[in-house]
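K.L.:
Take this structure, written in structure tokens, and hold onto it; I'll ask about it next.
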Ligand SMILES: Cc1cc2nc3c(=O)[nH]c(=O)nc-3n(C[C@H](O)[C@H](O)[C@H](O)COP(=O)(O)O)c2cc1C
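Numbering (the working numbering), first residue to last: 48 to 358.
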């Protein structure tokens, strides 16, 4: 990073926009499954902290709170992360439901379609001797039909499994709604170009927090080449390993339009509930503001590649 001095930074603004929607900060909350695993208030606590800190939420398909309740606590519509369901009719119903809840930006996650290595989870599960009911109640872990976003959808009436998802699924998804569609889980320029070619409105560079292909390649390493390939008119967002305001700044400098955090707000939620999420957002935004003063860029639009050596 290349600091600049003696710039007037008496007013620093984190405001930006995506598809014409105002963002008070470029930092957004990534979709993370089942917030109630971390705190009894779950997504409601996160939504209240996000409201206080004027932060946009990208809500997971595997949310443990209905989208309508999250929207009520957030005080405005949220973005929605889609996992295409095992039957297309389920996907259709879910898409309609979230559009009715006011969502105008949807992100389809594609980085775990090939499966992933859950070795750590398996190892720890062997050591966990608690009965399932201790956490899940009498019904046990939620089966697909009982998940909040699938409620009321009768899987048994939907006999035809989906064909494998390919790039043409984007075209099918686009036909289901008026929402803007981001593809989450892209890490190469080739795939970003294919996403655009098939009608996506943008991409989120992500590897599920290093948990998809688990190759050790950081998402930030993919950012510059992807932005160069698709050009500035096609929004590129990023998440993965963002821990400090300087990380957000670097991603913005390399061309990201917004920057997501996953684990940091979960740590806040698990430790202190709503107050923990609030504090994480306060710290990250304060650090970003500080970085913007250090680098002489008091507005988000003024952060360019000139601020970093890796161009
Ligand atoms: C516990 C956990 C659950 C996640 N659940 C989802 C999910 O339901 N949908 C999704 O698209 N991504 C999911 N992700 C990936 C995040 O959206 C995001 O890509 C990642 O956490 C960003 O990296 P970070 O945790 O280093 O900030 C999950 C990540 C974690 C750590």
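Idealized CB from N, CA, C, for every residue including glycine.
None of these values were measured; they are calculated from a predicted model.
How big is the Cα-Cα spacing for residue 114 and residue 292?
P.N.:
Along the chain shown, one-based indexing puts residue 114 at 67. Along the chain shown, one-based indexing puts residue 292 at 245. Roughly 29 Å separates the two Cα atoms.
K.L.:
Please tell me whether residue 224 and residue 146 are closer than 8 Å, where the distance is taken between their beta carbons.
P.N.:
Translated into positions along the chain shown, residue 224 becomes position 177. Translated into positions along the chain shown, residue 146 becomes position 99. Yes; because the gap between Cβ atoms is below 8 Å, this pair is in contact.
K.L.:
Would you call the region 97-117 and the region 70-83 touching, i.e. three or more CB-CB distances under 8 Å?
P.N.:
Yes: at least three Cβ pairs fall under 8 Å.
K.L.:
Residues in the same chain with beta-carbon distance under 7 Å from residue 320, minus the five sequence neighbours each way, listed in chain order, please.
P.N.:
Here residue 320 refers to the residue found at position 273 when the chain shown is read from its first residue. Correct list, in chain order: 86, 88 and 92.
K.L.:
Quick one: what does DSSP say residue 314 is sitting in, helix, strand or coil?
P.N.:
Sequence index remark: in the chain shown, residue 314 carries index 267 (1-based). Correct three-state label for residue 314: helix.
K.L.:
Below 7 Å, is the gap between the Cβ of residue 318 and the nearest heavy atom of ligand 1?
P.N.:
By 1-based counting over the chain shown, the position of residue 318 is 271. Checking the Cβ of residue 318 against ligand 1 gives no.
K.L.:
Counting by C-beta, which residues lie closer than 5 Å to a heavy atom of ligand 1, in chain order?
P.N.:
Checking every Cβ against the heavy atoms of ligand 1 under 5 Å gives 77, 78, 79, 80, 107, 109, 128, 156, 253, 255, 256, 286, 287, 288, 308, 309 and 310.
K.L.:
Residue 214 lies in the beta strand (DSSP E); which residues open and close that run?
P.N.:
One-based indexing of the chain shown puts residue 214 at position 167. Residue 214 -> no beta strand (DSSP E), and no H or E assigned at all.
K.L.:
Considering residue 321, what are the terminal residues of the alpha helix (DSSP H) in which it resides?
P.N.:
Translated into the one-based positions of the chain shown, residue 321 becomes position 274. Counting along the chain, the alpha helix (DSSP H) containing residue 321 begins and ends at 321-341.
K.L.:
Find the nearest neighbour of residue 289 within the set 219, 77, 262 and 220, judged by alpha-carbon distance.
P.N.:
Within the chain shown, the letter at position 242 stands for residue 289. The option with the nearest alpha carbon to residue 289 is 77.
K.L.:
Please return the same chain residues whose Cβ sits closer than 7 Å to the Cβ of residue 300, not counting the five positions on each side in sequence.
P.N.:
Within the chain shown, numbered from 1, the residue matching residue 300 stands at position 253. Closer than 7 Å at the Cβ level, and outside the excluded window around residue 300, lie 350, 351, 352, 354 and 355.
K.L.:
Could you check the C-alpha separation between residue 122 and residue 324 for me, to the nearest Å?
P.N.:
Taking the first residue of the chain shown as 1, we reach residue 122 at position 75. Taking the first residue of the chain shown as 1, we reach residue 324 at position 277. Distance between the alpha carbons of residue 122 and residue 324: 17 Å.
K.L.:
Cutting at 7 Å between CB atoms, please list the residues of its own chain near residue 95, excluding the five before and the five after it.
P.N.:
Counting from 1 along the chain shown, the entry for residue 95 is found at position 48. Once the five neighbours on either side are set aside, the close Cβ partners of residue 95 are 120 and 321.
K.L.:
Skipping 5 residues on each side, what residues in its chain have a beta carbon closer than 7 Å to that of residue 315?
P.N.:
Locating residue 315 in the chain shown gives position 268, where the first residue counts as 1. The answer, listed in chain order, is 323, 324, 326 and 327.
K.L.:
Report yes if the C-beta distance between residue 213 and residue 234 is below 8 Å; otherwise report no.
P.N.:
Counted from its first residue, the chain shown places residue 213 at position 166. Counted from its first residue, the chain shown places residue 234 at position 187. Not in contact: residue 213 and residue 234 (Cβ atoms no closer than 8 Å).
K.L.:
When you compare the CB positions of residue 305 and residue 65, do they come within less than 8 Å of one another, or not?
P.N.:
Position 258 of the chain shown, counting from 1, holds the residue named residue 305. Position 18 of the chain shown, counting from 1, holds the residue named residue 65. In contact: residue 305 and residue 65 (Cβ atoms closer than 8 Å).
K.L.:
What is the DSSP secondary structure of residue 160, counted as helix, strand or coil?
P.N.:
The sequence position of residue 160 within the chain shown is 113, counting from 1. It is coil, neither helix nor strand.
K.L.:
Let's test the definition: count the other Cβ atoms within 10 Å of the Cβ of residue 168 and tell me whether it reaches 16, buried, or not, exposed.
P.N.:
By one-based count along the chain shown, residue 168 stands at place 121. Exposed.
K.L.:
Spatial neighbours of residue 99 within its chain, please: CB distance less than 7 Å, with the 5 preceding and 5 following residues excluded, ordered by chain position.
P.N.:
Numbered from its first residue, the chain shown carries residue 99 at position 52. Excluding sequence neighbours, residue 99 sits near 325.
K.L.:
When you compare the CB positions of residue 148 and residue 118, do they come within less than 8 Å of one another, or not?
P.N.:
To locate residue 148, count along the chain shown from 1; it is residue 101. To locate residue 118, count along the chain shown from 1; it is residue 71. Closer than 8 Å, so yes.
K.L.:
Checking 8 Å against the spacing of the C-beta atoms, do residue 309 and residue 75 come in under that value?
P.N.:
For the purposes of this step, residue 309 is identified with residue 262 of the chain shown, where counting begins at 1. For the purposes of this step, residue 75 is identified with residue 28 of the chain shown, where counting begins at 1. Taking 8 Å as the Cβ cut-off, residue 309 and residue 75 do not qualify as a contacting pair.
K.L.:
For residue 283, which option in 243, 166, 53 and 343 has the closest C-alpha, if you only look at C-alpha atoms?
P.N.:
Position 236 of the chain shown, counted from the first residue, corresponds to residue 283. Minimum Cα distance to residue 283 is reached at 243.
K.L.:
Mapping the DSSP letters down to three states, classify residue 236 as helix, strand or coil.
P.N.:
Translated into the one-based positions of the chain shown, residue 236 becomes position 189. Helix.
K.L.:
By the three-class DSSP mapping on this structure, what secondary structure does residue 230 have?
P.N.:
Your numbering for residue 230 matches position 183 in the chain shown. Residue 230 falls in the strand class under three-state DSSP.
K.L.:
In this structure, what does DSSP give as the bridge partners for residue 126?
P.N.:
Locating residue 126 in the chain shown gives position 79, where the first residue counts as 1. Answer is 105.
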